[in-house]
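**Student:**
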Amino acid sequence: MRENAVRYGQFSPDGKEFVIDNVATPTPWINYIYNDRYFSTISNNGGGISYVQNPLHGRITRYRINDVPPDRPGKYVYIKDEETGDFWSATWQPVGKNQKAYQAVHGFGYTRVSAEINGIFSEITYFVPVAQTQEIWHLVLTNRSNRPRSLSLFGYVEFCLGHALVDLINQADDQHFNRVVFDSRLNALFATKTYWITEGLSTQQQENKAWDQWAFFTVNHPVSAYETRRERFLGAYRNENAPEAVETGRLSSQDSDFGNAVGALKIDLTLPPGGRIPVLFRLGVIPKERFESDKQAAVQAFRTPEDAATALQAVTEKWERFFQHVRVNTPDADTNIFLNYWTPYQAKVAFDVGRVASFYYWGISRGFGFRDMAQDILAITISDVQKARERILLLARQMFRNGRVYHHFYRDGQGELTRHCDDSLWFILAVTEYIQETGDKALLQEEEPFADGGKGTLWDHLKAVVRYAEDNLGPHHLPIFGRGDWNDTLDYIGGEDEGESVWGGMFYVAMLNRLGELAHFVGETAFTREVERLRDRIQQNLNTVCWDGKWFIRAFGADGKKIGSKENRAGRIFLNTQSWAVIASVSEPEKLRQAMDSVRIHLDTDFGPKLCAPAFREIDPNIGLITRCVPGKKENGAVFCHATTWAILAECLLKRGDQAFAYYKKLLPNAVDSDQFRVEPYVYSQYITSNEHPTAGMASHSWQTGTAAWMYRVAIDYMLGVRPTYWGLRVDPVIPSDWQEFSVERVFRGARYRIRVHNPGGVESRVTRIQMDGQPVEGPVLPICSKAVCQVEVWLGQMRLE
Ligand code: NOJ
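Residue numbering for the sequence shown follows our numbering, beginning at 372 and increasing consecutively.
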């Protein structure tokens, strides 16, 4: 890691934590703490939101979009010295004093912040237990001064209570429906809203129902006073930095049925010198239908530090089990930390959260993306096949009988239909990936309903996808662009309807290749032939009219005008049609190598290859949104990290390990100075601003990006070269030539493969010899290991093993 990144923080020596010792990070650096139903974000300074099930309909706490600072409000505990009246917070913000005293640590499923201020050491750990719909803020206070101390603590949250978008745009009316009450017997606040909108986004027509949850906020010490309205807690013309109620120590202890709903709980403590006291604040929800029967148990769970410690231990063990599926040991320390921990962690978070909650995705305007979710499957097929299977079935239910799918959907059956030409084809990726991993052909016989009625097996769904794509081909036998392909901002190629996507054609070929192979595996030979015929039809033009001399063009616009061509001034070359030409293998090897050489020559920067170049600087309504975007950012010529993973994959397929690894290293989130990069150095971002903008090197949209899942699998499957096939685990590394040895452990179909790769001759690829448990292996696919553990030795060299 370079010096400046170290100035804000660094990985712990074992790589399992990111330790931030300068908490004044350029942007909030966050973490996710969650289980299957309850989700919470938490920044290094205590900011973040909480929701149950989905962030649009189940929002528990409020997020004030684009507030200053940007992570307000959050999960705050104020600590007040009753002798002096001085107060601070357990996290640096919101009070914002004593910055240097704080240290924040993000780990897997928890975030811990500590500080010693005025002789009081505080350590607060935020996490969500594995099964309950609640979060725990486990605070431990130690009196390190030599006199007894009298302290008061104020736990504080700002509620949203239900529909986050309606709350945001209709707050003046919305506040008439909040209820916040204190139950002195249970020592807990309960809050809900008496109306709720779930179907559609209307603020004018409410459904005749209340939010289906009661939120609760409680603490394991007797509450001496409480507050339920933000106006009373913060005071007029103030914010969370210095709430009036904390300053005066006066809380109204009145319930509320009006106003901005908050939960504030005050407790009073005395601490002798050396004294230590644990305090457990907990925020959670109870379904309204079970409120009376469940509230006592919910509120009284995890009341002791031992309970909390056991619950945190379970969270840690859950993540450890997840990481155990793949272990790598390479000569590169950063690669080890990212591939063993932070990349699978991010990929799993993106899979579970579904790209709808971060400081870039506020969970109010879009549902779960079909193509995003299909790709996120890559994050978990190795570690949680059951979840992958459930996700595939969920995706199948978003499909119409004709193979069209919702572009975005919510889990409860609402969706948005758009005209992106690629969406449904990603289903093939998800299904084939899952079956390669598991061999579970039975999935194909599962029946799922179509979104417009009727039902079919997953084979029927796959066939519908092919038919839908086949019915959407233009004059060059390439997909009609519609309102976009993977690149959402190429949304008016050829105006309304006259464009064709060259990348879409390559993607189609790649997916048909996968499907043909699956059909072959399950013995559907007639279908394999059908798929191959269709593929050949599309492939033919890709390799002829789409070749521009040194690279492949990106699209055809109206009247066959080329986009992504040497004939253009802006957007002359696009990354995706070079990398996917290789992935789909649409051409002969020399052209494919030439295409990727063009990437290096025309697109590569200090931060990795750009998505296209030169960036568009004039609006072109026949191309679309990309041309309206500032040059060098987002799809308009930034390093779009998701797409860079495919460039790495392409270089691996071309067996150019040094180049693949060079791109891989440039993309590592800690490769750039943090003051330039700004966002978290432990997770990938959607894009890094390129050299076409003065803020080059600035990254944005961290966490919720397909980059993590793809980077993980490209690195493990193609760089380290251990990947699943229908017939077994294939070993085919493509590595930097200066790696002399590395090892990978990987669980596959119930057995653990311990694979050690030797590279005595310093080559980039070429397996010459494999042994499994001392026996020679013929070919690159390992036999299925019939024991718990198999030991595999692999040698690279000049002679290739075919
Ligand atoms: C973000 C979207 O979530 C993803 O689906 C899309 O492929 C990229 N933007 C590129 O436009």
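In this text, a Cβ means the ideal position worked out from N, Cα and C, and glycines have one as well.
From the DSSP output, which residues share a beta bridge with Trp1166?
**Tutor:** His1129 and Arg1140, per the DSSP bridge assignment.
**Student:** Just grab the DSSP bridge partners of Val699 for me.
**Tutor:** Its beta-bridge partners are Val1115.
**Student:** Measuring CB atoms only, is the region 416 to 435 touching the region 529 to 538, in the sense that at least three cross pairs come out at less than 8 Å?
**Tutor:** As far as the Cβ criterion goes, the region 416 to 435 touches the region 529 to 538, which means the pair count is three or higher.
**Student:** Opposite Trp918 in the DSSP bridges: which residues?
**Tutor:** Answer is Phe923.
**Student:** Following a CB-centred definition, is Arg790 positioned closer than 6 Å to any heavy atom of ligand 1?
**Tutor:** For ligand 1, not one heavy atom lies less than 6 Å from the Cβ of Arg790.
**Student:** Examine the Cβ distances between the region 479 to 495 and the region 550 to 558 and report whether three or more of them are shorter than 8 Å.
**Tutor:** As far as the Cβ criterion goes, the region 479 to 495 does not touch the region 550 to 558, which means the pair count is below three.
**Student:** Starting from the Cα of Val499, find the closest Cα among Val594, Trp690 and Leu640 and give me that residue.
**Tutor:** Nearest of Val594, Trp690 and Leu640 to Val499, Cα basis: Trp690.
**Student:** Considering only heavy atoms of ligand 1 and the C-beta of each residue, which residues fall inside 7 Å, strictly closer?
**Tutor:** Spelled out in chain order, the answer is Arg726, Gly740, Arg742, Asp743, Trp857, Asn858, Asp859, Thr860, Glu1006, Phe1011, His1013, Gln1057 and Gly1077.
**Student:** Tell me the residue span of the alpha helix (DSSP H) that contains Phe694.
**Tutor:** Where Phe694 is concerned, the enclosing alpha helix (DSSP H) stretches over Pro676 to Phe694.
**Student:** Per DSSP, what are the beta-bridge partners of Leu642 in this structure?
**Tutor:** Per DSSP, Arg520.
**Student:** Using the DSSP secondary-structure output, state which residues sit across from Ile648 in a beta bridge.
**Tutor:** Beta-bridge pairing links Ile648 to Leu512.
**Student:** Among residues of its own chain, excluding the 5 on either side of Tyr449, which ones have a beta-carbon nearer than 6 Å to its beta-carbon?
**Tutor:** The residues are Phe458, Ser460, Phe525 and Val617.
**Student:** Less than 7 Å separating the beta-carbons of Glu818 and Lys812?
**Tutor:** Cβ distance not < 7 Å, so Glu818 and Lys812 don't count as in contact.
**Student:** Please classify Trp459: does DSSP put it in a helix, a strand, or coil?
**Tutor:** The answer is strand: DSSP assigns Trp459 an E or B state.
**Student:** Run through the DSSP bridge pairs and tell me what Val1102 is partnered with.
**Tutor:** The partner list for Val1102 (beta bridge, DSSP) reads Val1093.
**Student:** Would Val880 and Ala955 qualify as a contact pair, given that the criterion is a beta-carbon distance under 7 Å?
**Tutor:** Yes.
**Student:** Nearest to Thr1096 by alpha carbon, out of Val1054, Cys1161, Ala562 and Pro1154?
**Tutor:** Nearest option by C-alpha distance: Pro1154.
**Student:** Using a Cβ-Cβ cut-off of 7 Å (strictly less than) and excluding sequence neighbours within five positions of Trp1110, which residues of its own chain qualify?
**Tutor:** So the qualifying residues of the chain are Thr701, Pro702 and Asn1130.
**Student:** Return helix, strand or coil for Trp1110, following the three-state DSSP convention.
**Tutor:** Here Trp1110 sits in coil by DSSP.
**Student:** Is it true that the CB of His832 sits closer than 7 Å to the CB of Met877?
**Tutor:** No; because the gap between Cβ atoms is not below 7 Å, this pair is not in contact.
**Student:** Return the chain-ordered list of same chain residues with a C-beta closer than 7 Å to the C-beta of Gln717, the five sequence neighbours on each side being excluded.
**Tutor:** Once the five neighbours on either side are set aside, the close Cβ partners of Gln717 are Val1054, Tyr1055, Trp1074 and Ala1079.
**Student:** Alpha helix (DSSP H) containing Trp713: first to last residue?
**Tutor:** Counting along the chain, Trp713 falls outside any alpha helix (DSSP H), and DSSP gives it neither H nor E.
**Student:** Between Phe780 and Phe821, which are expected to be in contact by the criterion C-beta below 8 Å, what is the C-beta distance as a whole number of angstroms?
**Tutor:** No, Phe780 and Phe821 are not in contact; Cβ-Cβ is about 13 Å, not under 8 Å.
**Student:** Run the CB neighbour count on Glu374, radius 10 Å, all protein chains shown included, and call it buried at 16 or more, exposed below.
**Tutor:** Confidence at Glu374 is low in this model, with a pLDDT of 49, below 50, so its placement is unreliable and the value that follows should be read with caution. With fewer than 16 Cβ atoms within 10 Å of its Cβ, Glu374 is classed as exposed.
**Student:** Measuring alpha carbon to alpha carbon, tell me which residue in Ala1018, Val697 and Thr412 is nearest Tyr497.
**Tutor:** For Tyr497, the nearest C-alpha among the options comes from Thr412.
**Student:** In its own chain, which residues sit with a C-beta less than 7 Å from the C-beta of Lys758, not counting the 5 before and 5 after it?
**Tutor:** Hits under 7 Å: Ile751.
**Student:** Which same chain residues, not among the five before or five after Ile657, have their C-beta less than 6 Å away from its C-beta?
**Tutor:** So the list reads Trp585, Asp665, Lys666 and Ala669, once near-sequence residues are dropped.
**Student:** Taking the alpha-carbon positions, what's the Thr513 to Ile648 distance?
**Tutor:** Their Cα atoms are separated by approximately 6 Å.
**Student:** DSSP beta-bridge partners for Arg600?
**Tutor:** Answer by DSSP bridge pairing, in chain order: Ala632.
**Student:** Classify Pro1052 as buried or exposed, calling it buried when 16 or more other Cβ atoms lie within 10 Å of its own Cβ.
**Tutor:** With 16 or more other Cβ atoms within 10 Å, it is buried.
**Student:** What residue does the beta strand (DSSP E) around Ser664 start on, and which one ends it?
**Tutor:** No beta strand (DSSP E) contains Ser664, which is instead part of the alpha helix (DSSP H) from Phe662 to Gln671.
**Student:** Using 8 Å as the cut-off, can you tell me whether the region 914 to 931 makes contact with the region 888 to 902, which would need three or more C-beta pairs spanning the two stretches below that distance?
**Tutor:** Judged by Cβ distances under 8 Å, the region 914 to 931 makes no contact with the region 888 to 902, as fewer than three pairs qualify.
**Student:** Taking DSSP's pairing of strands, which residues face Arg430 in a bridge?
**Tutor:** Partner(s): Tyr422 and Gly533.
**Student:** Taking the alpha carbon of Val957 as the reference point, which residue from Phe652, Trp1166 and Leu1024 has its own alpha carbon closest?
**Tutor:** Considering only alpha carbons, the answer is Leu1024.
**Student:** With a CB to CB cut of under 6 Å and the five nearest residues on each side skipped, what residues in its chain are close to Arg908?
**Tutor:** Cβ neighbours of Arg908 beyond the five flanking positions: His848.
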